[in-house]
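For reference, the structure is listed below as structure tokens.
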Amino acid sequence: MSQVLIVIDEPADWAPYYPSERVITFADYLALPARQQQRVRVINLCASYDYRSEGYYCSLLAEARSHNVLPSVRTLNDLALPQLYKLQLAQAMPALAKLPVPAAGSDWVVKSYFGRCSDTALQPVARALFDRFACPVLEIHLRATSHWEIVELRICSHKDLDEAEETEFAEALDNFSNKVWRQHKKPSNTRYDLAILVNPEEKLPPSDSSAIKKFVTAGRELGLAVELISPDDYMRLSEFDALFIRETTAIDHHTYRFAKKAEAEGLVVLDDPTSILRCTNKIYLADLFSNNKVPAPRTCILRRGDEDSLRQAVAELGLPMVVKIPDGSFSRGVVKVGSEEELHHKLEELFAESSLLLAQEFLYTEFDWRIGVLDNKPLYACRYYMAKNHWQIYNHGNKKTVSGGFSTLPTFEVPKAVLQAALKATKPIGRGFYGVDVKEAGGKGYVIEVNDNPSIDSGVEDKYLGKELYRIILQEFIRRLDARRTGKPIE
């Protein structure tokens, strides 16, 4: 169970708000024992965060005591210098781009309280900034040119707020300290806290709701306190010992930020950010396969505006060929072209999304193998059959997405060449949880790609192993957590 502390300078600083046993002075915080049995979360509300002020030392000492503190020392240092925080504003750019732009030269100054903003239009920007610069009160200064730009960020003291702002601040603090860092009791027989990241809005998630329920049940049977979290729970990661990502991953996406933050907080993460980085880009995988002699279809890289590379691809691969954007998923951004005219037409569409594309020889098979690999060991095997009257497993039609059938087998029934190709492909990537797509042709296995976030759907991938599949995956979390606790290397 975690303990939440709100640290202020003097008792009088809390006069406008309801009394709370969570509120202590900085002097009280200094007197606390350095080591405590509970996890401690600190909300630092000292009046000044300047270098060498009590507010600065509050955050510094909290980190030295392994307490999770807001704002962190890094946030304080970054917000102290515009040249530091302006380098890190890319995360807020998509939200800024959606704001309506008034006449050039207009200014917009608002305050964000724990990532909450009273102006609903600016809420996405406030949330994005809070994810990067988590602090109690942040003043955001925007200016309009041809678009809105952030010209200044300033961390503020709650003591400088007027009465209306104090009300907003109190509501946001109450929401944050009770909901986001809420204290929760876990059963006495549980050893670790596991967060499973899911997104109810995702149309093609890697696990359906039934599979997620099976993960939760298996976790509880194994002594894990399992909780489902959403993309809004970024700041809660430090509550947990491990993170299991069950949302489709991408680099320019919150899933990657979740993985990075979880790793930085010392959580066991599947899948880890390195695996996400390596698996989500097919250009990287193609080069990795080539360098490690992983059997794969013949492949060429196409560069926007480079006609020589295009002619070389046609000569080497022939037609039809398959062309892919580097970071597509579920067969999106993957096209088959049968003529040079069709190739040029499709390239115009795909190059609008990426400066590099992947061209691959076309190997027709009735099904693709999917080999699930966990920590470089085969876990399950499926045959995914092509969608009806289509050359891919998924057919994204105008109205709906349809897929072909499947059959699930024990790994010992998989052709040796297929299994060897899958394991050879994952070894240079890492020790995570992967789904390797392999085509079988002429008695050989050809790796198409490695997915860092493979599908586990109820009644599909678990058809052979049943609930044991879920137990094996979660036991890997426990094995790694136990090794970390005892200081032993993960074998």
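Once you know that position 414 of the sequence shown is 864 in the working numbering, the rest is easy, because the numbers rise by one and skip nothing. For every residue, glycine included, the Cβ atom is placed at its ideal position computed from N, Cα and C.
Residues near residue i in its chain [Cβ-Cβ closer than 6 Å; skip 5 each side]
i, result
"residue 945", "This structure does not reach residue 945, given that the chain is present from 451 up to 941, and the question cannot be answered."
"residue 632", "Its pLDDT being 39, under 50, residue 632 is placed unreliably by the model, and nothing is read from it."
"residue 602", "591"
"residue 860", "914"
"residue 916", "none"
"residue 578", "541, 542, 545"
"residue 634", "At residue 634, the pLDDT of 46 sits below 50, so the modelled position is not reliable and the matter cannot be decided from this model."
"residue 920", "664, 665, 668"
"residue 679", "645, 647"
"residue 785", "773, 796"
"residue 604", "589"
"residue 793", "787"
"residue 616", "466"
For residue i, the first and last residue of its enclosing beta strand (DSSP E)
i, result
"residue 895", "894 to 901"
"residue 833", "827 to 835"
"residue 562", "557 to 563"
N- and C-terminal bounds of the alpha helix (DSSP H) containing residue i
i, result
"residue 625", "613 to 625"
"residue 534", "532 to 535"
"residue 729", "723 to 729"
"residue 930", "917 to 936"
"residue 467", "Here residue 467 belongs to no alpha helix (DSSP H), and DSSP marks it neither H nor E."
"residue 543", "543 to 547"
"residue 649", "Note, residue 649: premise wrong, no alpha helix (DSSP H); not H, not E."
Beta-carbon spacing of residue i, residue j below 7 Å
i, j, result
"residue 499", "residue 526", "yes"
"residue 492", "residue 514", "no"
"residue 692", "residue 644", "yes"
"residue 562", "residue 576", "yes"
"residue 713", "residue 723", "yes"
"residue 740", "residue 902", "no"
"residue 510", "residue 523", "yes"
"residue 910", "residue 862", "no"
"residue 882", "residue 735", "no"
"residue 744", "residue 864", "no"
Candidates the options, of which the one nearest residue i by Cα
i, options, result
"residue 949", "624, 809, 820, 901", "Because the chain is modelled from 451 through 941, residue 949 falls outside the range shown and cannot be assessed."
"residue 454", "467, 520, 503", "520"
"residue 905", "832, 668, 700, 566", "832"
"residue 730", "776, 693, 768", "776"
"residue 559", "855, 598, 464", "598"
"residue 803", "757, 829, 753", "753"
"residue 874", "746, 792, 783, 501", "746"
"residue 894", "857, 460, 868", "868"
"residue 556", "530, 594, 755, 550", "594"
"residue 872", "889, 507, 479, 911", "889"
"residue 661", "936, 908, 932, 935", "908"
"residue 621", "566, 600, 658", "566"
"residue 866", "854, 828, 880, 553", "828"
Contacts around residue i, its chain only, beta-carbon distance under 7 Å, and the 5 residues preceding and following it disregarded
i, result
"residue 816", "835, 836"
"residue 876", "823, 826, 884, 886, 900"
"residue 608", "495, 586, 587, 619"
"residue 733", "751, 776, 806, 808"
"residue 710", "723"
"residue 582", "538, 541"
Contact belief for residue i with residue j at Cβ below 8 Å, rounded distance in angstroms
i, j, result
"residue 652", "residue 697", "6 Å"
"residue 574", "residue 742", "The Cβ separation is near 42 Å, so there is no contact."
"residue 807", "residue 813", "Between residue 813 and residue 807 the Cβ distance is about 18 Å, and since that is not below 8 Å, they are no contact."
"residue 767", "residue 811", "5 Å"
"residue 459", "residue 504", "6 Å"
"residue 508", "residue 473", "Wrong, their Cβ atoms sit about 13 Å apart, outside the cutoff."
"residue 564", "residue 626", "4 Å"
Spatial neighbours of residue i in its chain, beta-carbon cut-off 8 Å, leaving aside the 5 residues before and after
i, result
"residue 655", "648, 649, 696, 697, 698"
"residue 551", "594, 596, 597, 598"
Residue-chain proximity (residue i, chain D), Cβ-Cβ < 7 Å
i, result
"residue 624", "The question asks about chain D, but that chain is absent: this structure has only one protein chain."
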